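Structure, as structure tokens:
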Amino acid sequence: RITEVLGTMVDDGKLAIDNLRPLANELVDSVIRNPNAFAYLTHMENHHAGLLNYCVRVATWAILMARHLDIKRDALNDLAVAALLCKIGYTTLDPSINEIRGTARREVEAARQQSLHAGLEMLQSGTDFSSRVAKAVAHHLERHDGSGFPQGLKGRDIPFLAQVLGLADHYENITSYDFCDLPLSSADAIRHLNSIRDVLFDRCLIDEFIQAIGLYPTGSLVKLNGERMAMVLSQTPNARLRPVVLVLEGKRSFWPFLGKRIIDLNASEKDRIEASLPALPVESPLREKGWFR
Numbered sequence: 210r211i212t213e214v215l216g217t218m219v220d221d222g223k224l225a226i227d228n229l230r231p232l233a234n235e236l237v238d239s240v241i242r243n244p245n246a247f248a249y250l251t252h253m254e255n256h257h258a259g260l261l262n263y264c265v266r267v268a269t270w271a272i273l274m275a276r277h278l279d280i281k282r283d284a285l286n287d288l289a290v291a292a293l294l295c296k297i298g299y300t301t302l303d304p305s306i307n308e309i310r311g312t313a314r315r316e317v318e319a320a321r322q323q324s325l326h327a328g329l330e331m332l333q334s335g336t337d338f339s340s341r342v343a344k345a346v347a348h349h350l351e352r353h354d355g356s357g358f359p360q361g362l363k364g365r366d367i368p369f370l371a372q373v374l375g376l377a378d379h380y381e382n383i384t385s386y387d388f389c390d391l392p393l394s395s396a397d398a399i400r401h402l403n404s405i406r407d408v409l410f411d412r413c414l415i416d417e418f419i420q421a422i423g424l425y426p427t428g429s430l431v432k433l434n435g436e437r438m439a440m441v442l443s444q445t446p447n448a449r450l451r452p453v454v455l456v457l458e459g460k461r462s463f464w465p466f467l468g469k470r471i472i473d474l475n476a477s478e479k480d481r482i483e484a485s486l487p488a489l490p491v492e493s494p495l496r497e498k499g500w501f502r
């Protein structure tokens with residue numbers, strides 16, 4: 210069951226896309242190397258499957274960043290495990306708290322922050338976790354300007370893997386419905402990241418993250434000309450603004466009869482992206498059609 214979750218990268222508008230399989234394999238390999246990680250992920254899934262799905266998506270962004278930076282394999286494995294377990298402390302909270310979706314009240318957010326300590330105790334009780342995993346989890350809520358949690362560390366005092374994990378977590382936070390009432394589209398999220406350079410995160414780290422994921426990351430939603438909604442399937446390195454997309458929906462009355470359609474925008478002169486779109490809400494009809502989990 211865990212490998213299913215890791216292998217699908219599904220939730221909040223993100224399909225199981227073949228181009229993400231190598232990332233899923235990275236995650237699975239990292240977990241297999243660490244029996245305690247597998248046990249904790251099982252615990253997390255039993256407690257709240259949505260929480261595990263969120264952490265899988267955070268790990269995806271973190272690994273994309275790590276690959277872009279050419280981080281060594283052993284450090285990449287530790288980063289993957291840390292990302293998957295960054296919210297393990299949430300399993301110690303009252304189940305009703307983890308049922309809350311969207312922007313949380315201040316007291317709920319405070320309880321979630323404090324659960325970091327309980328999560329660290331769980332990780333430190335295991336003998337299989339490296340100190341890098343524990344440090345990345347411990348400090349992924351720290352921020353560049355010292356406004357973070359739990360120690361208010363600044364700049365380079367924050368362990369590097371914790372900075373990468375923190376940025377990946379922040380990006381997923383603002384682009385999904387898990388902890389945000391109105392998630393941002395990928396383009397708006399990048400504008401947001403640019404606005405917090407050298408405030409919440411180091412400007413160089415943000416620049417590298419944006420280069421790693423692109424303006425239209427794999428799995429993000431876009432609006433094409435002709436009022437069509439599509440999902441990004443893959444990016445071409447030399448034409449990242451014209452990715453391969455899967456058309457999901459159009460306003461023309463005959464569209465349902467055409468079914469799904471894959472378009473390589475770089476090879477098409479008549480199709481283009483007009484805007485990026487936020488994640489689909491849980492009640493979206495497209496989910497009912499089975500196109501999203």
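Note that our numbering gives residue 289 to position 80 of the sequence shown, counting from 1, and the numbers run on in steps of one. Every residue gets a Cβ at the ideal spot worked out from N, C-alpha and C, and that includes glycine. The structure presented is a predicted model; accordingly, all values stated were derived computationally and were not measured.
### Query
Which residues in the same chain as SER324 place their Cβ atom closer than 6 Å to its Cβ, once the five residues preceding and following it in sequence are excluded?
GLY298, TYR299, THR301, LEU302
### Query
Is the region 404-423 touching the region 317-331, taking contact as three or more C-beta pairs under 8 Å?
At 8 Å Cβ cutoff, the stretches do not touch.
### Task
Could you work out which residue in ARG365, VAL373, LEU260, ASN243 is closest to ILE280 when comparing CA atoms only?
VAL373
### Distance, ALA488 Cα to ALA268 Cα
Looking at the two C-alpha atoms, the distance is approximately 18 Å.
### Query
Taking DSSP as the reference, what is the three-state secondary structure of LEU430?
strand
#### Entry: Enclosing beta strand (DSSP E) for PRO452 [first to last residue]
Going by DSSP, PRO452 is part of the beta strand (DSSP E) stretching over 448-458.
### Message
Let me check understanding here. Comparing Cα to Cα, which of ASN434, LEU260, LEU450, GLU308 lies closest to ARG480?
### Response
The residue you asked about is not Arg; residue 480 is Asp in the sequence shown. Of the listed residues, the one whose Cα sits closest to ASP480 is ASN434.
### Task
Enumerate in chain order the residues of its own chain whose CB-to-CB distance from HIS252 is below 7 Å, with the five nearest sequence positions on each side excluded.
THR300.
### Task
Could you tell me the distance, in whole angstroms, from the CA atom of GLN333 to the CA atom of LEU455?
43 Å
### Task
Measure the Cβ-Cβ separation of ASP287 and ALA345 and say whether it is below 8 Å.
yes
### Query
Between SER340, GLY364, PHE338, which lies nearest to LEU350 when the distance is taken from Cα to Cα?
GLY364
### Task
Could you tell me whether the Cβ of PHE369 comes closer than 8 Å to any Cβ of chain D?
No chain D is present in this structure, which holds just one protein chain.
### Which of helix, strand or coil DSSP assigns to THR312
coil
### Query
Which class does LEU442 belong to by DSSP, given the choice of helix, strand or coil?
strand
### Query
Which residue comes first and which comes last in the alpha helix (DSSP H) that contains LEU393?
For LEU393, there is no enclosing alpha helix (DSSP H), as DSSP gives it neither H nor E.
### Query
Bridge partners of ASP473, per DSSP?
Per DSSP, VAL453.
#### Entry: Distance between beta carbons of MET438 and LEU457, contact taken as under 8 Å
5 Å
### Message
Could you tell me the alpha carbon to alpha carbon distance between ARG315 and ALA476, rounded to whole angstroms?
### Response
The alpha-carbon atoms of ARG315 and ALA476 are separated by roughly 49 Å.
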